[in-house]
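Reviewing the structure listed below.
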Amino acid sequence: MLCYISYTTLENKEKLHYPFKEEIQQMETWKQHIAANSRHKLLFIKREIEDISFVDVGTKLSTAIEPALQDKRLSMMAEETLDKIIDQYTIQDPDVGDYVAIRNIGILFEPALHINLHAKVDSWSRTRVLIIHHEGTIHNHVFFLTTNNETKYSLNLKDITYKTL
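Quick note on the working numbering: the sequence shown kicks off at 326 and runs consecutively.
Encoded structure:
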């Protein structure tokens, strides 16, 4: 009886620590996309993957620029800070290479910051794997931050290679 309980407990621990079948398949798809010789390595995911550490870009950027909200150079400061955040949280992985995983990206669409998000995503996904956790939708190669497809909160992906998981 004791061995049976231990086995059951071990089995349950394995279920907790190992991804489900769907997540394993997603990881394989993810790795195939990364291994492909594409110009960009951009992944949009709906659920955070357990073994990937995501940086909350919204919180990090807003905290950093808050003291400068009235500064004329706010957009320049935001862009520089954003690049520093991306560089700081880029992880070197022996299997995948360099990657950064971001979430809470709504601030990147803030009109007052004048961030050229298309240029940023293009650049970041060329130099590392860029993983974006999102709540929005992708329709006709356009990422919409909100589910009601507002164009002011959208990113055109027509010339950027991407994969959704």
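Beta carbons: idealized from backbone N, C-alpha and C, even for Gly. Because the structure is a prediction, the values reported are computed rather than measured.
Next item on the list: Say whether the region 375-389 touches the region 424-433, bearing in mind that this needs 3 or more beta-carbon pairs closer than 8 Å, one atom from each stretch.
Entry: Yes, the region 375-389 touches the region 424-433.
Notebook entry, point to check: Any chance the region 403-410 sits against the region 460-478, with 3 or more Cβ pairs inside 8 Å?
Noted result: Short answer: they don't touch.
Next item on the list: Measure the C-alpha to C-alpha separation of K483 and T388 and round it to an integer number of angstroms.
Entry: K483 and T388 have their C-alpha atoms roughly 32 Å apart.
Next item on the list: Could you please give me the residues that DSSP links to N441 through a beta bridge?
Entry: The partner list for N441 (beta bridge, DSSP) is empty, contrary to what the question assumes.
Next item on the list: Determine the extent of the alpha helix (DSSP H) in which G383 is found, giving its start and end residues.
Entry: Looking at the DSSP string, the run of the alpha helix (DSSP H) that includes G383 is 382-390.
Next item on the list: Return the CA-CA distance between M475 and D376, expressed in angstroms with no decimal places.
Entry: According to the sequence shown, residue 475 is Glu rather than Met. Put simply, the backbone Cα of E475 is about 32 Å away from that of D376.
Checklist line | Assigned secondary structure, L394 (DSSP; H/G/I helix, E/B strand, else coil) | finding: Correct three-state label for L394: coil.
Next item on the list: Let me know the secondary structure DSSP gives Y414 once reduced to three states.
Entry: The answer is coil: DSSP assigns Y414 none of H, G, I, E or B.
Checklist line | Nearest residue (CA-CA) to S363, options T489, I485, L490 | finding: Ranking the options by Cα distance to S363, first place goes to I485.
Next item on the list: Please confirm whether F369 and F468 have their CB atoms less than 8 Å apart.
Entry: Going by C-beta atoms, F369 is nearer than 8 Å to F468.
Next item on the list: Using the Cα positions of Q417 and K477, report the straight-line distance between them to the nearest angstrom.
Entry: When rounded, the distance between both Cα atoms is 34 Å.
Next item on the list: Specify, as a first and last residue, the run of the beta strand (DSSP E) that F469 falls within.
Entry: Where F469 is concerned, the enclosing beta strand (DSSP E) starts and stops at 467-469.
Notebook entry, point to check: Under the DSSP definition of a beta bridge, which residues are partnered with R428?
Noted result: Paired residues: D381.
Item checked: Buried versus exposed call for Y424 [16 or more other C-beta atoms within 10 Å across all chains shown] -> With 16 or more Cβ atoms within 10 Å of its Cβ, Y424 is classed as buried.
Note to self: So for D408, helix, strand or coil by DSSP?
What the structure shows: Per DSSP, reduced to three states, the secondary structure at D408 is helical.
Next item on the list: For the beta strand (DSSP E) holding S363, just list the boundary residues, first then last.
Entry: Per DSSP, S363 lies in no beta strand (DSSP E) and is assigned neither H nor E.
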